[in-house]
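J.:
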Amino acid sequence: MGRDGIPSEAWKYGREEVERWIWETAEKGKGDGSTMYIDLKAAFDSVDRGVLIEGIRERGIREELVERVDEILRETKSRVRIGKQWGEKFWIIKGVRQGYPLSPMLFNILIADIDKDMEKGRWGRLKLKDRRIYTLMYADDIVVMAEEEHGMKALVSRMERYLDRMGLELNVEKTKVMSLGKEEEEKEIRLKVEREKNRRRGKGV
1 MGRDGIPSEA
11 WKYGREEVER
21 WIWETAEKGK
31 GDGSTMYIDL
41 KAAFDSVDRG
51 VLIEGIRERG
61 IREELVERVD
71 EILRETKSRV
81 RIGKQWGEKF
91 WIIKGVRQGY
101 PLSPMLFNIL
111 IADIDKDMEK
121 GRWGRLKLKD
131 RRIYTLMYAD
141 DIVVMAEEEH
151 GMKALVSRME
161 RYLDRMGLEL
171 NVEKTKVMSL
181 GKEEEEKEIR
191 LKVEREKNRR
201 RGKGV
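In this text, residue positions in the sequence shown follow UniProt numbering: the first is 1, and each later residue adds one.
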């Protein structure tokens with residue numbers, strides 16, 4: 001935790017770089033550039049523990065640590081309070097613990113390959129110095145970036161498929177798009193998010 005209350009210095013630096021890019025793009029009047037601020041619905045509560053544990057193993061973490069993490073997750077209980085009355089404790093079989101120091105790190109491991117997955121699409125990205133960056137994230141705070149309209153549309157589609165594989169869900173009500181290009185470009189991207197919202201409503205999600 002930094003002195004200013006922001007939990008990750010890397011996230012803060014990355015966000016400052018994105019803000020700098022936004023201002024430079026706007027001042028140059030390039031007519032392109034989009035950022036999407038992604039909100040995930042009940043992100044920590046929705047984590048598929050099986051996918052998470054497998055992801056930890058794939059990253060070469062020692063098996064005894066993997067087993068300990070699995071044990072911690074399986075030991076998670078909760079209970080409900082109504083007024084001053086507490087209900088019986090019950091087991092939580094999905095997600096990572098809320099407020100637990102390890103949870104943000106576990107979530108980071110779960111989606112650690114998100115940037116590589118976005119890169120496979122070959123569209124979108126933000127060039128910072130000598131690197132191409134598709135996403136900026138810390139735990140469930142995710143920003144998707146593209147310097148061109150069609151790149152952002154492609155990233156949105158890829159992001160939806162990636163989240164489905166991870167068992168996560170895009171919160172379309174809170175996901176925001178900012179476009180530095182033409183107004184119709186931003187509207188088209190917003191319409192894509194709206195279509196996703198209507199699709200999920202039609203499924204009763």
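Ideal placement from N, C-alpha and C gives every residue a C-beta, glycine not left out.
What's the C-alpha gap between M1 and Y100?
T.: Its pLDDT being 43, under 50, M1 is placed unreliably by the model, and nothing is read from it.
J.: Quick one: give me the first and last residue of the alpha helix (DSSP H) that V66 is part of.
T.: Looking at the DSSP string, the run of the alpha helix (DSSP H) that includes V66 is 63-74.
J.: Below 8 angstroms, can you find three or more Cβ-Cβ pairs linking the stretch 140-151 to the stretch 31-47?
T.: In short, these stretches touch, since the Cβ pair count reaches three.
J.: Quick one: Cα of L40 to Cα of E160, how far?
T.: Taking the straight line joining both Cα atoms gives about 11 angstroms.
J.: Pull up the CB-CB distance for V51 and G167, whole angstroms please, since I reckon it's below 8 angstroms.
T.: About 6 angstroms separates the two Cβ atoms, so the contact holds.
J.: Given a cut-off of 8 angstroms, decide if D45 and G95 are closer than it, judged by their beta-carbon atoms.
T.: Contact: yes.
J.: What are the uninterrupted segments assigned as alpha helix (DSSP H) that are 4 or more residues long and contained completely in the stretch 147-181, given in chain order?
T.: Runs of the alpha helix (DSSP H) inside the stretch 147-181: 149-166.
J.: For a test of the three-state rule: what should DSSP assign to K77, helix, strand or coil?
T.: Reduced to three states, the DSSP call for K77 is strand.
J.: Distance, Cα to Cα, D48 vs S179?
T.: Taking the straight line from one Cα to the other gives about 33 angstroms.
J.: Quick test of your reading: L136 and I38, contact by CB under 8 angstroms. State the CB separation rounded to the nearest angstrom.
T.: No, L136 and I38 are not in contact; Cβ-Cβ is about 10 angstroms, not under 8 angstroms.
J.: How is D113 classed by DSSP in three states: helix, strand or coil?
T.: Coil at D113, not helix or strand.
J.: Hey, out of E147, I61, V143, whose CA is closest to K174's CA?
T.: When each option's Cα is compared against that of K174, the closest is V143.
J.: Skipping 5 residues on each side, what residues in its chain have a beta carbon closer than 6 angstroms to that of A43?
T.: These residues qualify, in order along the chain: D140.
J.: Hey, how far is the Cα of K176 from the Cα of S157?
T.: Their Cα atoms are separated by approximately 15 angstroms.
J.: Is it buried or exposed for E147, if we count other Cβ within 10 angstroms and need 16 for buried?
T.: Classification of E147: buried, given that the 10 Å Cβ count is 16 or more.
J.: Work out the CA separation of Q85 and R62 for me, nearest whole Å.
T.: Whole-angstrom Cα-Cα distance: 43 angstroms.
J.: Do E119 and Y138 come within 8 angstroms of each other at the CB atom, strictly closer than that value?
T.: Cβ atoms of Y138 and E119: not closer than 8 angstroms.
J.: Taking 7 angstroms as the cut-off, is the CB of G60 close to at least one heavy atom of the ligand GTP?
T.: The ligand content of the structure shown is nil, which means the ligand GTP is not present either.
J.: Can you give me the C-alpha to C-alpha distance between R74 and L110, rounded to a whole angstrom?
T.: Looking at the two C-alpha atoms, the distance is approximately 17 angstroms.
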